[in-house]
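Take the sequence shown: its letters are residues 19 to 115, numbered as in our numbering. The beta-carbon is built from N, C-alpha and C at its ideal position, and this holds for glycine as well. Contents: one structure, followed by commentary.
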Amino acid sequence: MIVHLVLFKFKGGVVRDDTRVAAAVEALWRLPMQIVGIRGWEHGFNVTGDAQAWDYGLRAMFDDEAALHAYLEHPAHVPVVAQWEEISELAFCDFRV
19 MIVHLVLFKF KGGVVRDDTR VAAAVEALWR LPMQIVGIRG WEHGFNVTGD
69 AQAWDYGLRA MFDDEAALHA YLEHPAHVPV VAQWEEISEL AFCDFRV
């Protein structure tokens, strides 16, 4: 199993109730219905009031690296990444469990 972790830090001037954030979150909710290889899918806003904490996080799970790469290149995933890149910085890590 491969875990794909993504952290999102909002860019200056972007706040949690920004309509662009709502649209990006909604787009994340739709991805598991559009991409067959997703085995686990959790995401949400940070609840820790620490200035070093990132604003939003995603944990996705895939059977193997092939499924992960299919997800990363999927035509439904690419525009969602673009939505998030418009409003936030992204960091990610993929690892086996």
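Proximity of residue i and residue j at Cβ, strictly below 7 Å
i     : j      : result
Val96 : Ala45  : no
Val24 : Phe110 : yes
Asp73 : Lys29  : no
Met79 : Arg57  : yes
Ala40 : Gln101 : no
Ala88 : Gly55  : yes
DSSP-derived helix/strand/coil call for residue i
i      : result
His61  : strand
Ile105 : helix
His95  : helix
Ala85  : helix
Ala100 : helix
Met51  : helix
Arg77  : strand
Beta-carbon separation (whole angstroms), residue i vs residue j, contact threshold 8 Å
i     : j      : result
Asp82 : Val21  : Not really, about 12 Å apart at Cβ, beyond 8 Å.
Arg38 : Glu104 : 7 Å
Ala94 : Ile53  : 6 Å
His61 : Leu76  : 4 Å
Residues that residue i bridges to, as DSSP identifies them
i     : result
Lys27 : Glu107
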